[in-house]
Amino acid sequence: MPNKAEDHQEQTPNEAKSPPSFLAFRKHIYRRIDEPKHLAYLHNYLSAIAERGDQQLIVSMPPRHGKSFTLSRLFPAWYLGIHPDHRVILASYGASLAIKNSRAVRNILNSPVYREQFPLIKLANDARSAESWDIAEHGGGMDAVGVGGGITGKGAHLLIVDDPVKSRAEAESAHMRDYLWEWFNSDLYTRREPHASIIIVMTRWHMDDLVGRLLRNQPDSWTYIRLPALAEANDPLNRAVGEALWEARFPVTALREIEANIGAYAFAGLYQQNPIPQAGGLFKRGSFNLIDVPPTDFLYRVRFWDFAMSEREHADYTAGVLMGMTTDERFVVLHVERFRAEWTDVLPRVIATARADGTNVIVGMEQVAYQSRAVQQFLSSEGMAGYAAFGQKPEGEKFVRALPFAARASQKLVDLVRGEWTDAFLDELVAFPQGAHDDQVDAAGGAYTKLVELHTLQQPRRALPVSTTKYT
């Protein structure tokens with residue numbers, strides 16, 4: 198009859214001690230007094246992955262609601278305790294984030310509190326690199342990789358994709374969405390061992406993001422758990438409509454404040470996990486307040502010009518949006534100058550408009566290609582010595598550049614002075630980005646960005662005199 202020591206050596210981890218459920222493991226490791234309902238809800242889905250494999254799970258929930266800590270740190274630590282011979286691949290938008298999560302998992306496995314649950318699981322002696330590490334005396338371990346990173350020769354029984362999109366700009370880029378889609382299908386997906394499971398953990402940015410494409414192309418292959426910040430009808434947690442997902446940390450009042458700050462479009466995607474169609478979804482006609490008499494207490498005023506993209510593209514418009522910021526931090530669109538012209542005729546129109554606006558209006562111009570000379574030509578023109586002008590090179594997608602102004606408009610903090618230009622201005626904003634033109638959107642965004650920059654610098658702090666020019 199074998200002695201106790203020999204008997205212990207022959208046991209597998211599962212035989213030595215019945216493994217805890219994931220919920221029990223989470224409570225033991227994290228030792229929270231309260232267990233958020235939305236995180237406990239994931240228990241059965243994660244248990245199925247550990248028990249049966251062959252699962253493809255998508256979880257989308259708002260930022261800072263515990264999804265990465267639960268799914269990319271605690272869960273793989275628990276999973277490897279049950280399956281020490283399994284490999285886990287952890288992927289994120291960049292290798293640094295994936296390695297950070299991998300290091301956290303490794304530290305959990307190396308902790309005394311973990312060994313209370315899985316006493317026979319130990320790290321290999323050479324498991325110093327968080328990028329790739331192994332479990333001692335077993336074939337399991339973890340590999341961390343960024344999107345686009347090489348994973349040739351590596352396989353996994355569990356693949357976790359956590360936050361594969363870095364930013365709004367990346368999400369709005371069709372090229373980057375295609376790049377992620379190709380990498381996921383051609384590289385990561387091919388690393389599956391038999392009966393492997395995949396978990397995708399992400400906040401929704403765009404209808405055509407990785408989750409959107411998977412649900413559109415393979416709706417029956419994925420289990421989708423969508424947990425919006427504010428409950429909607431048929432909520433999976435049986436919340437009342439409008440109830441917060443994690444009231445203790447993000448109450449309804451805080452979520453509404455976030456919505457007011459980032460705008461309805463961004464909130465629908467990031468917090469409700471329901472990115473809406475961009476057409477008509479960014480600017481709402483009713484968000485703008487129409488006024489007949491403009492205020493006079495402007496801290497700053499900027500006329501920003503968006504020029505036609507090419508001298509040969511006569512169908513394009515050149516647009517100059519005059520916008521001011523008042524002492525109570527409201528933004529007022531005072532006038533829009535918009536016309537079609539050859540490039541040689543554009544600068545004289547800009548100069549004439551500047552004279553009408555007065556020297557207290559700062560003149561901004563988009564700088565692309567041949568347009569980069571416009572600021573110097575403007576300032577060197579006769580009579581322009583007393584004017585301030587700046588050039589601004591556009592960066593990122595047009596849609597992303599428009600978001601800050603759209604968010605401010607959604608807060609009902611943008612006024613429009615009635616004029617002949619008002620209807621055309623609103624029509625273009627509401628149609629953006631599906632409309633035929635976006636010159637006024639670009640010009641308004643440029644003016645708004647400069648006003649915010651000036652206010653941040655707090656120069657000057659007093660209201661400036663306003664030109665008596667009357668626009669139509």
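Mapping the sequence shown onto the numbering used here, position 54 (from 1) lands on 251, and the numbers just tick up by one. We put the CB at the ideal spot given by N, CA and C, even for glycine.
Rounded to whole angstroms, what is the Cα-Cα separation between residue i and residue j?
i, j, result
"S607", "V438", "22 Å"
"V627", "A633", "12 Å"
"H511", "V533", "Confidence in H511 is poor, its pLDDT being 45 and thus under 50, which makes the residue's placement unreliable; the coordinate value appears in the next sentence. Using only the alpha carbons, I get a separation of about 19 Å."
"R325", "K264", "26 Å"
"L239", "G278", "19 Å"
"Q475", "V558", "For Q475, the predicted model reports a pLDDT of 46, less than 50, meaning its position is unreliable and no value from the coordinates is stated."
"L407", "D359", "12 Å"
"T653", "V449", "29 Å"
"L467", "A604", "14 Å"
"G336", "A327", "17 Å"
"F381", "G352", "14 Å"
"S383", "Y421", "22 Å"
"L442", "L452", "10 Å"
"A321", "R303", "11 Å"
"R535", "G642", "15 Å"
"L600", "N435", "33 Å"
"E508", "T541", "Only weak support is given to the placement of E508: the predicted model assigns it a pLDDT of 48, under 50, and the value that follows is read from those uncertain coordinates. Whole-angstrom Cα-Cα distance: 9 Å."
"D489", "V530", "12 Å"
Can you give me the start and stop residues for the beta strand (DSSP E) that residue i sits inside?
i, result
"H532", "528-536"
"V154", "For the chain, the structure presents residues 198 to 669; residue 154 sits outside this window and is missing."
"N435", "It is not in any beta strand (DSSP E) - N435 carries neither H nor E in the DSSP assignment."
"T515", "515-523"
"V615", "As written in the sequence, residue 615 is Arg, which differs from the Val given in the question. Note, R615: premise wrong, no beta strand (DSSP E); not H, not E."
"S257", "253-257"
"W502", "495-503"
"I672", "This structure gives no information on residue 672, because the portion of the chain shown stretches from 198 to 669."
Leaving out five residues on either side along the sequence, give the residues of the same chain with a beta carbon under 7 Å from the beta carbon of residue i.
i, result
"L243", "F219, F272"
"D405", "R374"
"S269", "L287, N298, I357, D359, V398"
"F602", "A641, G642, Y645"
"A505", "D513, Y514, T515"
"D432", "none"
Looking only at its chain, what residues have a beta carbon closer than 6 Å to the beta carbon of residue i, apart from the 5 residues adjacent to it on each side?
i, result
"P425", "Q469, Q470"
"L576", "A586"
"K319", "A333"
"I246", "Q252, S394"
"R423", "S257, Q470"
"Y311", "I305"
"R598", "G642"
"L648", "Y497, V499, M522"
"K201", "For K201, the predicted structure reports a pLDDT of 33, less than 50, and the residue's modelled location is therefore unreliable. The matter cannot be settled from this model."
"S299", "L287, A327, M339, A341"
"F464", "E456"
"R223", "L271"
Return the Cβ separation of residue i and residue j in integer angstroms, given the expectation that the two are a contact with Cβ distance under 8 Å.
i, j, result
"D251", "S394", "7 Å"
"I396", "I357", "5 Å"
"V560", "T515", "14 Å between Cβ atoms; not a contact."
"W330", "G338", "5 Å"
"L487", "R365", "Actually they do not touch by this definition, with Cβ atoms about 30 Å apart."
"L610", "R527", "5 Å"
"G346", "A292", "6 Å"
"P361", "Y462", "Between Y462 and P361 the Cβ distance is about 21 Å, and since that is not below 8 Å, they are no contact."
Start and end of the alpha helix (DSSP H) containing residue i?
i, result
"E390", "Element bounds for E390: not the alpha helix (DSSP H) but the beta strand (DSSP E), 389-398."
"M373", "371-380"
"N304", "292-306"
"S607", "595-607"
"H235", "234-237"
"Q589", "Here Q589 belongs to no alpha helix (DSSP H); instead the beta strand (DSSP E) covers 586-589."
"G561", "G561 -> not in any alpha helix (DSSP H); beta strand (DSSP E) instead, spanning 558-563."
"T420", "Run containing T420: none in the alpha helix (DSSP H); it sits in the beta strand (DSSP E), 420-423."
"I279", "272-279"
"L736", "Within the shown structure, residues of the chain are numbered from 198 to 669, placing residue 736 beyond reach of any answer."
"S289", "Not the alpha helix (DSSP H): S289 falls in the beta strand (DSSP E), residues 284-289."
"P545", "540-554"
"H262", "Premise fails: H262 is in no alpha helix (DSSP H) and is neither H nor E."
"E592", "Run containing E592: none; DSSP gives neither H nor E here."
"S244", "240-249"
Could you name the residues that DSSP lists as bridge partners for residue i?
i, result
"S329", "D340"
"I488", "V614"
"D359", "V398"
"L427", "A441"
"A353", "R389"
Under 8 Å Cβ to Cβ from residue i, same chain only, skipping five residues before and after it: list those, please.
i, result
"W378", "L407, R410"
"V547", "W502, G517, V560, M562, A571, F575"
"R388", "I286, I348, K351, G352, A353, L356"
"A237", "L220"
"M581", "I548, A551, F575"
Can you confirm whether residue i, when its beta carbon is compared against all beta carbons of chain D, has any partner nearer than 8 Å?
i, result
"A341", "Absent here is chain D; the protein component of the structure consists of one chain."
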